[in-house]
Amino acid sequence: MSSKTFILTGGNEFEKGLEFADQEAIALAGAASASPGLCLVVAITNSQRKGEELSQAGAFWFSNMGARNCERLVLSSLEACNDPQNLAKLEKASLLYLVGGDPAFMLECIQDSELKVVLTKSLTRNGVLGGSGSGAAVLAQYVYLEDRDELVAGLGLIPAGCLIPYHSSKGRKWAKRLAELLPTAYVFGVDDKTSAIGYDNNWRVYGRGWVTVYKGGKPRKFVSGQPFMLNPKRRV
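In terms of our numbering, the sequence shown opens at residue 1 and continues consecutively.
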């Protein structure tokens with residue numbers, strides 16, 4: 001596996017069932033070593049209280065999973081995403097894990113801020129970048145906003161056209177609509193309590209559920225432990 005790595009979790013993060021996925025991400029980031037890299041849980045939400053709750057839960061979880069140097073950060077505005085002190089902390093992280101809730105708000109904060117530059121740089125220095133739910137979805141080429149029935153530009157950091165979080169619950173019903181909106185793109189569906197870890201075209205499933213890869217509405221399903229390619233016609 002490339003040293004540049006993503007961890008994409010479908011939802012219900014920081015719970016039993018995701019131990020192996022998160023321990024693998026910690027190991028790949030060097031966050032459990034004798035000289036550990038920084039594991040940073042970043043909550044991007046317009047509610048400071050929710051951000052505190054999410055980031056505290058994440059830092060506690062990753063510490064219990066073996067991260068020896070784990071911190072948290074709440075970003076509740078565009079200004080916070082451009083704050084030099086926040087950016088300095090973000091740049092030190094070898095594992096960056098995004099959580100939020102509202103993908104539109106997350107994108108508004110990231111797209112026009114220095115945070116986007118930092119996220120991209122985390123990969124060029126062989127870090128691990130990921131997130132859960134909306135925090136994973138915003139990393140794709142496009143993000144589906146269900147309440148608006150609209151596709152908007154994502155961060156474009158993973159090769160999937162779109163990522164469907166919560167695929168084993170509320171997200172599954174998006175697949176048909178996304179086949180209409182993105183008929184030629186590869187679409188990731190990641191179940192709750194399930195993660196996909198990988199980079200480019202090489203991935204593996206972790207957790208209790210499935211990863212489903214769609215193209216033109218046709219699904220390919222992969223269970224925990226299985227490797228898979230987003231585009232099986234392109235060998236890497």
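Beta carbons: idealized from backbone N, C-alpha and C, even for Gly.
In this structure the region 82-95 touches the region 112-123; the number of beta carbon pairs closer than 8 Å is three or more. The beta carbon of GLY51 sits closer than 7 Å to the beta carbons of ALA43, THR45, VAL74, SER76 from its chain, once the five residues preceding and following it are set aside; these are given in chain order.
Residue pairing by DSSP places VAL213 opposite PHE188, ARG220 in a beta bridge. Residue environment analysis places ASP192 among the buried positions, since at least 16 neighbouring C-beta atoms fall within 10 angstroms of its C-beta. The bridge partners DSSP lists for TRP203 are GLY198, PHE228. The three-state secondary structure of ILE44, taken from DSSP, is strand.
Apart from the 5 residues on each side of it in sequence, SER122 sits with its Cβ closer than 6 Å to the Cβ of LEU96, LEU129 in its chain, given in chain order.
For LEU87, the enclosing alpha helix (DSSP H) starts and ends at 84-92. Per DSSP, reduced to three states, the secondary structure at VAL138 is coil, with no helix or strand assignment. In this structure, the CA atom of SER55 is about 9 Å from the CA atom of GLY100.
With contacts defined as CB atoms closer than 9 Å, THR194 and GLY17 qualify as a contacting pair. With 16 or more neighbouring CB atoms inside 10 Å of its own CB, THR212 falls in the buried class. Within the same chain, and ignoring the five residues on either side of ALA21 in sequence, the residues whose Cβ sits closer than 6 Å to its Cβ are SER195, TYR206, GLY207.
Under the 8 Å Cβ criterion, the region 141-153 counts as touching the region 170-181, having at least three qualifying pairs. In the three-state scheme derived from DSSP, where H, G and I count as helix and E and B as strand, PHE62 is classed as helix. Judged by DSSP in its simplified three-state form, PHE14 adopts coil rather than helix or strand.
Sixteen is the threshold: when 16 or more other Cβ atoms of the shown chains lie within 10 Å of the Cβ of ALA29, as they do, the residue is buried. C-alpha of GLU91 to C-alpha of LEU119: approximately 8 Å in a straight line. According to the DSSP assignment, LEU115 belongs to the alpha helix (DSSP H) that extends over 114-124.
Restricting attention to GLU15, SER63, LEU181, ALA57, the CA atom closest to the CA of LEU38 is found in SER63.
Sequence-distant Cβ neighbours of CYS81 in its own chain, meaning closer than 6 Å and more than five residues away, are LEU75, CYS109, SER113, LEU115. Take ALA57, set aside five residues on each side of it, and the residues of its chain with a beta-carbon closer than 6 Å to its own are PHE14, in chain order. The beta-carbon distance between LEU163 and VAL190, rounded to whole angstroms, is 7 Å. This is short enough to meet the 8 Å contact definition.
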